[in-house]
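The structure appears right after this line, and notes come after that.
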Amino acid sequence: MAILVRTTPAAQARWRPLLLAAMPGREFRFSPELGDLAAIDYALVWQPERGLLAGLPNLKLIVSLGAGVDGILADPSFPRQVPIVRLVDPYMTDAMSEYVVFQVLRLHRQDLDYLAQQRAGEWRERPQKNACERRVGILGFGTMGQDAGRKLKTIGFDVSGWSRSPRTVPGFETHHGDAGLAAILGTSEIVVSLLPLTRETEGILDAEAFARMPRGAAIVNAGRGRQLVEADLLDALESGQLSGAALDVFHDEPLPPNHPFWHHPRIVVTPHVAAETHPATAIAMVEAAIRDFEAGRPLANRVDPERGY
Ligand code: NDP
Ligand code: OXD
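Residues in the sequence shown are numbered consecutively from -3, following this note's numbering.
Now the structure itself:
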């Protein structure tokens, strides 16, 4: 009975001592040292290489070491019969809300313009709306979207959320489905994506979506890079349909050195750090998933591979 751990080398170095201390009776295999594949029961993974999971004949449970599972489901050979649990760590949710609040405030308070003015030595006041006059639309009103929404609302923003299924979230206007998307885009000056990457959400932030948004609107993407059509964003910024974008996730990560986003004056780039996995807090969820599985209890935060998240 062994547990495979496969994430980035840096993350693996953080997980290793914590896992060994928390589960002393267990045998761990830290990738790339896999040993006898037939002995591996559980896999704790982040963006595993294609074919890795399919090559484990006795795998019983997959625990995602991230909130998003697109890196697991993208592998056409992943074993669909094996349950997948994703990470839902309240500390990570807090971190995401910090990122969203920070970027929404930057866009709301015209930080990109004032930074440009500072560089030019220009002292000029800009007309400024109050937060309550600014509607923020959150695409993906799940764990992270709702938490970010609550925190934005505390500041005073007028927040609404969009999900796949109809949701009643006290205090928020909510939308779902295609008609709901048109409604939320049409009224939001700042649109935040906290969507998972699925067949339906790939390319959702495209020219058509930008055209629906009020002129001069802005976007924040912390969901996944492939939700954004990057060329359409550049066109929308060029035409003035959009006024800015704060992006944490990209088609290709790391963002290639010659990518136009790096030096674009209306784009803020961060290197996929909006809400990083913190092994020190996440380990409790990993242990709970394995405990629940072994006790035959229902698994919390189970992924539906058909739905894609
Ligand atoms: P949840 O599963 O809790 O929420 C996902 C939300 O997206 C739900 O409201 C869901 O709708 C909605 N959704 C999914 N598909 C569609 C669709 N086709 N149309 C409309 N709404 C849809 O996930 P989390 O909040 O925990 O995480 C969201 C994503 O954030 C992750 O999948 C990941 O991609 C990203 N992330 C990014 C990080 C970063 O550092 N940049 C860190 C962590 C996560 P419904 O409520 O109906 O199910
Ligand atoms: C995640 C991420 O999905 O860090 O957890 O992007």
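Idealized CB from N, CA, C, for every residue including glycine. Because the structure is a prediction, the values reported are computed rather than measured.
The way I'd put it, the stretch 189 to 207 does touch the stretch 131 to 145; three or more beta-carbon pairs between them come closer than 8 Å.
The stretch 171 to 183 makes no contact with the stretch 146 to 153; the number of CB pairs closer than 8 Å stays below 3. Residue range 23 to 26 is occupied by the beta strand (DSSP E) that includes Glu23. The alpha-carbon separation between His255 and Phe246 amounts to approximately 11 Å. Of the heavy atoms belonging to the ligand NDP, at least one sits nearer than 7 Å to the Cβ of Arg163. Beta-bridge partners assigned by DSSP to Tyr305: none are found.
Beyond the five residues adjoining it in sequence on each side, Leu55 comes within less than 8 Å, by CB distance, of Ile36, Asp37, Tyr38, Ala39, Leu49, Pro75, Val78 in the same chain, given in chain order. Relative to the ligand OXD, the beta carbon of Gly62 is positioned inside 7 Å of a heavy atom. Annotation: the continuous beta strand (DSSP E) that includes Gly157 extends over 154 to 159.
Spatial neighbours of Leu181 in its own chain (CB-CB distance under 6 Å, excluding positions within 5 residues in sequence) are listed in chain order as Ala205, Arg208, Met209. Between Trp42 and Ala70, the gap from beta carbon to beta carbon reaches 8 Å or more. In this chain, the beta strand (DSSP E) harbouring Glu169 covers 169 to 172. Contact between the stretch 236 to 244 and the stretch 214 to 227 is present, with at least three C-beta pairs closer than 8 Å. Counted as a single uninterrupted DSSP element, the alpha helix (DSSP H) harbouring Gly145 occupies residues 139 to 151. Take Asp231, set aside five residues on each side of it, and the residues of its chain with a beta-carbon closer than 7 Å to its own are Ala203, in chain order.
Shortest gap from the CB of His268 to any heavy atom of the ligand OXD: under 7 Å.
Of the residues Leu108, Trp119, Gln114, Ser156, the one whose Cα lies closest to the Cα of Cys128 is Ser156.
Per DSSP, reduced to three states, the secondary structure at Val84 is coil, with no helix or strand assignment. Counting along the chain, the unbroken beta strand (DSSP E) around Arg2 starts and ends at -2 to 2.
The ligand OXD never approaches Glu23 closely enough for any of its heavy atoms to be under 7 Å from the residue's Cβ. The three-state reading of DSSP puts Asp32 in coil, since its state is none of H, G, I, E or B. Leu233 is not a Cβ neighbour of Ala213, given a cutoff of 8 Å. Taking the CA atoms as reference points, Leu57 sits about 53 Å from Arg115. Set against 7 Å, the gap from the CB of Pro5 to the closest heavy atom of the ligand NDP is not smaller. The beta carbon of Ser73 is closer than 8 Å to those of Arg46, Gly47, Leu49, Ala50 in its chain, skipping five residues each way along the sequence.
Put simply, of Leu295, Ala276, Glu121, Pro301 the residue whose alpha carbon is nearest the alpha carbon of Tyr87 is Ala276. For Asn217, DSSP records a beta bridge to Ser189, Leu243.
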